[in-house]
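Heads up: the sequence shown begins at 3 in the numbering used here, then just goes up one per residue.
Right, one structure below, let's go through it.
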Amino acid sequence: MIGTSYGAISVLNAIPCGIGATIGISLQTRVQFIPGTDETQINILNGQGIDDRLVRLCVERTLKEIAEDPDVNYELTVRSHIPPSRGLKSSSSVCNATISAVLNHYRVRMEPMDMLRIGVECAKEAGVTITGAFDDTCGCHFGGLVITDNTKNELLYRDDIPDYDVILWIPENTILKNKVPVDAYRSRRAEFEEVLALVRDRPLEAITENGRLVSEINGLDTTIVDLALSNGALAAGVSGTGPAISIVTECGKGQKMAEIIGGNTILTVTR
């Protein structure tokens with residue numbers, strides 16, 4: 003049985019304040035779950051770098067939650083178009099899709115928030131998140147603009163977002179979670195709180211301001227961001243803890259923007 007989820011980009015990093023916000027994008031993750039095999043097999047067909055311990059935890063926790071045998075052997079196949087370890091919510095998307103695949107196989111309907119909280123706990127145990135990433139998980143599942151309290155796993159706000167093109171600039175390097183300067187983020191809480199005030203009514207401005215702060219904290223080059231903004235981008239900034247950069251343009255202008263900034267880019271849209 004198949005489970006699907008999507009990616010998201012950051013509007014507000016949750017590390018400093020415990021409040022995070024994302025906008026959904028259309029990059030997809032698909033997971034196929036087939037139980038009853040001779041041995042457990044995890045196939046990562048694309049999205050190399052995804053932690054197979056994470057998907058194993060998602061399967062085990064979900065089976066326990068629905069009172070099925072957590073020790074059953076199975077084959078799990080992951081197809082993800084979201085580059086991992088670059089701030090584009092790949093782990094959250096894989097969690098969501100894996101849990102959905104298991105639930106779909108057993109024809110179990112679960113409240114979305116209960117399903118998402120299983121994924122958050124699995125991500126914490128696997129060590130692929132700092133805050134629990136409830137904002138990322140909700141963004142991948144619901145799409146639109148979401149604001150969450152990651153300290154309480156609560157969805158504070160969700161609204162549809164207009165259609166935009168989104169260009170993702172993907173550098174070769176990655177930033178692992180155990181290398182993120184958490185204390186440096188938290189020391190700038192007041193500045194991130196100013197961004198929080200923008201999120202609901204001016205989310206595109208928040209993307210840019212949040213990205214500026216994240217770049218300063220991590221010492222990331224802003225050449226791509228500056229180039230995008232000077233050529234008419236509506237927003238541009240580092241997503242997550244980086245290093246990927248998300249650039250938002252009006253519909254139909256994304257391809258030209260991708261050509262302007264060059265490098266390794268992915269063109270997608272909001273959802």
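Idealized CB from N, CA, C, for every residue including glycine.
Using the Cα positions of residue i and residue j, report the straight-line distance between them to the nearest angstrom.
i    : j    : result
V61  : I101 : 6 Å
A238 : N212 : 10 Å
L158 : F144 : 13 Å
K154 : M117 : 15 Å
N220 : Q257 : 28 Å
S217 : G26  : 21 Å
F194 : E77  : 43 Å
P205 : D40  : 49 Å
M115 : L90  : 21 Å
C19  : A230 : 28 Å
E196 : Q43  : 47 Å
R58  : G141 : 22 Å
T24  : V148 : 6 Å
T31  : G121 : 15 Å
T267 : I169 : 7 Å
T225 : T243 : 17 Å
Q34  : A192 : 43 Å
L222 : I247 : 11 Å
V13  : N45  : 32 Å
I4   : F136 : 23 Å
With DSSP as the reference, please indicate the residues paired to residue i in a beta bridge.
i    : result
S82  : T31
N175 : DSSP output for N175 lists no bridge partner at all.
L170 : S248, I268
D151 : I21, E156
E77  : I36, Q43
N48  : R81
L14  : A23
Y8   : Q30
D161 : L147
If you drop the 5 nearest sequence neighbours on each side, which residues of the same chain put their C-beta closer than 6 Å to that of residue i?
i    : result
D162 : G146
L29  : G9, H83, I84, T270
Y166 : V250, T272
Tell me which residues share the same chain as residue i and place their Cβ nearer than 8 Å to its Cβ, disregarding the 5 neighbours each side in the sequence.
i    : result
V74  : P37, G38, L65
L200 : E207, A208, E211
For residue i, collect the residues of the same chain with a Cβ closer than 7 Å to its Cβ; drop the 5 residues on either side in sequence, then sort them by chain order.
i    : result
A235 : I249, V250, T251, M259
C124 : L56, L59, C60, R63, C97
E70  : Y108
Ranges of the beta strand (DSSP E) found wholly within the segment 111-136, counting only runs of at least 3: Those beta strand (DSSP E) runs which fall completely within the segment 111-136 and span 3+ residues do not exist here.
Evaluate contact between the segment 178-196 and the segment 245-262, counting only Cβ atoms and requiring at least three cross-stretch pairs below 8 Å. Counting Cβ pairs under 8 Å, fewer than three are found: no touch.
Contact between the segment 124-131 and the segment 102-109 (3+ Cβ pairs under 8 Å): The segment 124-131, when compared against the segment 102-109, does not touch it at the 8 Å Cβ threshold.
Which ranges does the beta strand (DSSP E) cover as unbroken runs of at least 3 residues, wholly within the segment 192-261, from first to last along the chain? If we require 3 residues or more, the beta strand (DSSP E) runs fully inside the segment 192-261 come out as 237-240, 247-252.
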